[in-house]
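Novice: Which chain is which? The protein sequence lines are F and U, in order. Going by UniProt numbering, the first residue of the first sequence is number 1, and it counts up by one from there. Going by UniProt numbering, the first residue of the second sequence is number 1, and it counts up by one from there.
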Amino acid sequence: MECFSISGSCVSNLHFHFTENGHSQPPLFNSQFTAFSSLILSSNFPNYPYPFILFPLQTLLHLFLAYSKALERTQSSSFGYHFGLQEPLETELVTVPEATDQLAENLPSDSGVYAVFDSNSELQFVGISRNIAASVLAHRKSVPELCSSVKVGVVAEPDRTALTQAWKSWMEEHIKATGKVPSGNETGNTTWIRQAPKKKPDLRLTPGRHVQLTVPLEELIDRLVKENKVVAFIKGSRSAPLCGFSQRVVGILENQGVDYESVDVLDEEYNCGLRETLKKYSNWPTFPQIFVNGELVGGCDILTSMHENGELDGLFKK
Amino acid sequence: MGVTKEQVESSLTSKLSPSHLEVIDTSGGCGASFAIEIVSEQFVGKRLLERHRMVNAALEVEMKEIHALSIKKALTPDQWKQQQQSTPSA
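1. When you compare only the Cα positions, how much space is there between Ala156/F and Leu213/F?
2. With a threshold of 8 angstroms between beta-carbons, can Asp301/F be considered close to chain U, or not?
3. Quick test of the definition: if touching needs 3 or more C-beta pairs under 8 angstroms, does the stretch 34-51 of chain U touch the stretch 71-86 of chain U?
4. What do you get for Cys300/F, buried or exposed, if any count of 16 or more other CB atoms within 10 angstroms of its CB means buried?
5. Taking Cβ-Cβ distances shorter than 8 angstroms, what residues in chain U pair up with Gly298/F?
6. Within the same chain, show all residues whose beta-carbon is closer than 6 angstroms to that of Ile24/U, passing over the 5 residues directly before and after it, in chain order.
7. Does the distance from the C-beta atom of Thr265/F to that of Ile221/F stay below 8 angstroms?
8. Can you give me the Cβ contacts of Arg140/F inside the same chain, cut-off strictly under 7 angstroms, excluding the 5 residues immediately before and after it?
9. Ala99/F by DSSP, collapsed to three states: which one?
10. Under a three-way DSSP split, which group does Gln212/F fall into?
11. In angstroms, rounded to a whole number, what distance separates the CA positions of Gly153/F and Thr91/F?
12. When you compare only the Cα positions, how much space is there between Glu186/F and Ser119/F?
13. Buried or exposed: where does Tyr67/F fall if 16 or more other Cβ atoms within 10 Å of its Cβ makes it buried?
14. Are the stretch 257-271 of chain F and the stretch 200-208 of chain F touching by the rule of at least three beta carbon pairs closer than 8 angstroms?
15. In whole angstroms, what separates the C-alpha of residue 319/F from that of Thr190/F?
16. Within 10 angstroms of its Cβ, does Met211/F collect 16 or more other Cβ (buried), or is it exposed?
17. Could you name the residues of the same chain whose beta carbon sits closer than 8 angstroms to that of Glu62/U, not counting the 5 residues immediately before and after it, in chain order?
18. Would you check if the distance between the CB atom of Leu315/F and the CB atom of Leu49/U is smaller than 8 angstroms?
19. From the DSSP output, which residues share a beta bridge with Lys151/F?
20. Which word fits Ser305/F, buried or exposed, when buried means at least 16 other C-beta atoms lie within 10 angstroms of its C-beta?
21. Let me know if Ala177/F comes out buried or exposed under the rule of 16 or more other beta-carbons within 10 Å of its beta-carbon.
22. Give a yes or no on whether the minimum CB-CB distance between Ser70/U and chain F is below 8 angstroms.
23. What residues from chain U crowd round Asn283/F, counting only those whose CB sits closer than 7 angstroms?
24. Between the stretch 263-282 of chain F and the stretch 128-139 of chain F, are three or more C-beta pairs nearer than 8 angstroms?
25. Is it a yes or a no for the stretch 226-240 of chain F touching the stretch 282-291 of chain F, going by three-plus beta-carbon pairs under 8 angstroms?
26. Are the C-beta atoms of Asp313/F and some chain U residue less than 8 angstroms apart?
27. For Thr286/F, go through chain U and note every residue whose CB falls closer than 7 angstroms to its CB, in chain order.
28. What residue ranges within the stretch 198-278 of chain F form continuous beta strand (DSSP E) runs of no fewer than 3 residues, ordered along the chain?
29. For His52/U, I'd like the list of residues in its chain whose CB is within less than 7 angstroms of its CB, leaving aside the five on either flank, ordered along the chain.
30. Would you tell me roughly how many angstroms separate the C-alpha atoms of Ser19/U and Gly298/F, rounded to the nearest one?
31. With DSSP as the reference, label Ile302/F as helix, strand or coil.
32. How far does the beta strand (DSSP E) with Ala134/F in it reach, from first residue to last?
33. Apart from the five residues on each side of it in sequence, which residues of its chain come closer than 8 angstroms, Cβ to Cβ, to Leu93/F?
34. Go ahead and label Val44/U buried or exposed: buried means 16 or more other beta carbons lie within 10 angstroms of its beta carbon, across all protein chains shown.
35. For the alpha helix (DSSP H) holding Asp313/F, just list the boundary residues, first then last.
36. I want to see whether chain U comes within less than 8 angstroms of Ser246/F, judged by CB atoms only; does it?
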C-alpha cells in the first residue's frame, strides 16, 4: 500500500515500496500528450524514469489546442464524475517575499501545482511540485528577476495522476486565454528545470550487514542523535522518501533551511535491525522520527503542528 | 486483515476517557490507516509528544495491524473549547 497522506506516521511493521499508481489514462488523452507531461514532470522529479522527449513548438501548440477543444467537448458530459478529477485548492496571487522565512509562512510546503509570474504579472512557468514552497524558493534563488508572484494550487491526494491533471488544467486555462504556452514551459527552455543540488548523503549506522557489531545498535543510535543537532529517521532517503509522511518531514526541514542528518530505516544493508531497536530506544512506534539536541521531538504530526504554529524556529535555535 | 474503526474508538474510549473523539478510516474501509482527533482531561499538563505517546500506548494492540496512524488533534477540553469558539462553523 502506498503511504501517501499529508501528515501522520507510518507504522513500520509493514514493509512496502512506492509503486506507480496503476491509473489508466482516460481515452481522451493521446500518448504524445502524456509524454509531454513527463517532460514537465522531469523538472520537478530529477530522477523521473521517463525519457526526456522534445517536441517542436508548433507540435506542442497544436497538441494543446486540440486538448482544449476536446476538453470543451467533454465538459458537458460529466467529465469530472467519470475521471474523479481533484480540484486543487487554489490561492490568489501571492507576492514572493524577499526573506526565506517569510516564504515558508506565505506558501504551503504541500504537493500541487504552481504558476510563477514576473513583475509585469506575465505568466512565466507552470510547475508541479512535491513541496511548493521549496520549489518556489529554488526558482527565486536561480532566477529572482522572473519570480515576482505565484499562484498556488494544493492537491489534496497528490498521486502522480492527480498532479498531472491539475497541471494540465492550469496550462489549458492559460492557453485558452492567450493562445500560447508560457515561455518557461516551452520546449528547450531549461530556465526552470531544477539542477539537482548535491544532497547531503544519508547516514549509515553500520559498515554493512556482514560486519559483526562490537557496539550494540542502541548505543550507536544514542551516539548518533547526541552528536548531531537534528536527525530524521525516515523511510527512504532524503532525495527519495518512500512514504508521504517522510516526504513531508523532509519538506519541512528543507523549508526551514536547517542542517540535518537523515537515516533510511528501510536500508537493510547498512541499517539492519534499526527499526525495532529505535522503537524501543525512543518509545515511539512509527516512522518518521525526528530528534533535536538528542531528544525525540516526535513524528510527522508533531513536526507539522510545530511548523504550523511557528514553533520550529525556536526549536532549532536552541 | 485490518482493524475496525469501532475497535480503535473502543480502545481510546476505555483508556483515555475522551470527551470528544473522532476516528476516520483513511484507507477507504479496509482498516489500514486512521486519522484521529481526541479531547481528554488526561492531556492536561502534558506536552504534545507525551499526548501522542498516550494515544500510541492506548492503541498498542491495534498498532500491530495499523499501517499508518495520524493524530490530527490531541487537546485538553479547555483547548478544544477555545478552538470551537474561534471556528464557529466546526
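We put the beta carbon where it would ideally sit given N, CA and C, even for glycine. Since the structure is predicted, the reported quantities are computational estimates derived from the model, not experimental observations.
Specialist: According to the data block:
1. As a working mapping, residue 156/F is identified with position 156 in the first sequence. As a working mapping, residue 213/F is identified with position 213 in the first sequence. One C-alpha to the other measures close to 44 angstroms.
2. Here residue 301/F corresponds to residue number 301 of the first sequence, with the count starting at 1. Yes, Asp301/F lies at the interface with chain U (some Cβ there is under 8 angstroms from its Cβ).
3. yes
4. Stepping through the first sequence from its first residue, residue 300/F is reached at position 300. Flag for Cys300/F reads buried.
5. In the first sequence, the residue the question calls residue 298/F occupies position 298. Near Gly298/F (Cβ distances below 8 angstroms), the residues of chain U are Leu48, Leu49 and His52.
6. To locate residue 24/U, count along the second sequence from 1; it is residue 24. So the list reads Ala35, once near-sequence residues are dropped.
7. One-based indexing of the first sequence puts residue 265/F at position 265. One-based indexing of the first sequence puts residue 221/F at position 221. The question names Thr, but residue 265/F in the sequence shown is Val. Their beta carbons are not under 8 angstroms apart, which means Val265/F does not touch Ile221/F by this criterion.
8. Counting from 1 along the first sequence, the entry for residue 140/F is found at position 140. Cβ within range, chain order: Val96 and Cys147.
9. Position 99 of the first sequence, counting from 1, holds the residue named residue 99/F. Ala99/F falls in the coil class under three-state DSSP.
10. Sequence index remark: in the first sequence, residue 212/F carries index 212 (1-based). Of the three classes helix, strand and coil, the one that applies to Gln212/F here is coil, per DSSP.
11. Taking the first residue of the first sequence as 1, we reach residue 153/F at position 153. Taking the first residue of the first sequence as 1, we reach residue 91/F at position 91. The alpha-carbon atoms of Gly153/F and Thr91/F are separated by roughly 6 angstroms.
12. To locate residue 186/F, count along the first sequence from 1; it is residue 186. To locate residue 119/F, count along the first sequence from 1; it is residue 119. Between the C-alpha atoms of Glu186/F and Ser119/F there is a straight-line separation of about 20 angstroms.
13. Within the first sequence, the letter at position 67 stands for residue 67/F. In this prediction, Tyr67/F scores a pLDDT of 45, lower than 50, which makes its location untrustworthy; the coordinate-derived value is nonetheless stated afterwards. Buried is the call here.
14. Enough Cβ pairs lie closer than 8 angstroms, so yes.
15. Coverage of chain F is limited to positions 1 through 318, which leaves residue 319/F absent and any answer about it impossible.
16. Mapped onto the first sequence, residue 211/F falls at position 211. Looking at the sequence provided, one finds Val at residue 211/F rather than Met. When all chains shown are included, Val211/F counts as exposed.
17. One-based indexing of the second sequence puts residue 62/U at position 62. Hits under 8 angstroms: Val3, Gln7, Val8 and Ser11.
18. As a working note, residue 315/F is residue 315 in the first sequence. As a working note, residue 49/U is residue 49 in the second sequence. Taking 8 angstroms as the Cβ cut-off, Leu315/F and Leu49/U do not qualify as a contacting pair.
19. In the first sequence, counting from the first residue as 1, residue 151/F sits at position 151. Ala115/F.
20. Walking along the first sequence from the start, residue 305/F turns up at place 305. Buried is the call here.
21. Looking up residue 177/F in the first sequence gives position 177. Counting Cβ neighbours within 10 Å, Ala177/F comes out exposed, since fewer than 16 surround it.
22. Taking the second sequence and counting its residues from 1, one reaches residue 70/U at position 70. Closer than 8 angstroms: yes.
23. Translated into the one-based positions of the first sequence, residue 283/F becomes position 283. Those within 7 angstroms of Asn283/F in chain U are Arg53.
24. no
25. yes
26. Taking the first residue of the first sequence as 1, we reach residue 313/F at position 313. Judged by the 8 angstroms Cβ criterion, Asp313/F is not in contact with chain U.
27. Locating residue 286/F in the first sequence gives position 286, where the first residue counts as 1. Residues of chain U with a Cβ closer than 7 angstroms to the Cβ of Thr286/F are, in chain order, Leu69.
28. Qualifying beta strand (DSSP E) stretches, in chain order: 230-234 and 261-264.
29. For the purposes of this step, residue 52/U is identified with residue 52 of the second sequence, where counting begins at 1. So the list reads Ile71 and Ala74, once near-sequence residues are dropped.
30. Sequence index remark: in the second sequence, residue 19/U carries index 19 (1-based). Sequence index remark: in the first sequence, residue 298/F carries index 298 (1-based). Rounded to the nearest angstrom, the two C-alpha atoms are 24 angstroms apart.
31. Here residue 302/F refers to the residue found at position 302 when the first sequence is read from its first residue. Three-state result, Ile302/F: helix.
32. Here residue 134/F refers to the residue found at position 134 of the first sequence. In the DSSP annotation of this structure, Ala134/F is not part of any beta strand (DSSP E); the continuous alpha helix (DSSP H) holding it starts and ends at Ile132 to Ser142.
33. Translated into positions along the first sequence, residue 93/F becomes position 93. Contacts found: Phe117, Ser121, Ser149, Val150 and Lys151.
34. Sequence index remark: in the second sequence, residue 44/U carries index 44 (1-based). Per the 10 Å Cβ criterion, exposed.
35. Your numbering for residue 313/F matches position 313 in the first sequence. Unbroken alpha helix (DSSP H) run through Asp313/F: Leu312 to Lys317.
36. If you number the first sequence from 1, residue 246/F lands on position 246. No, Ser246/F does not count as interfacial toward chain U.
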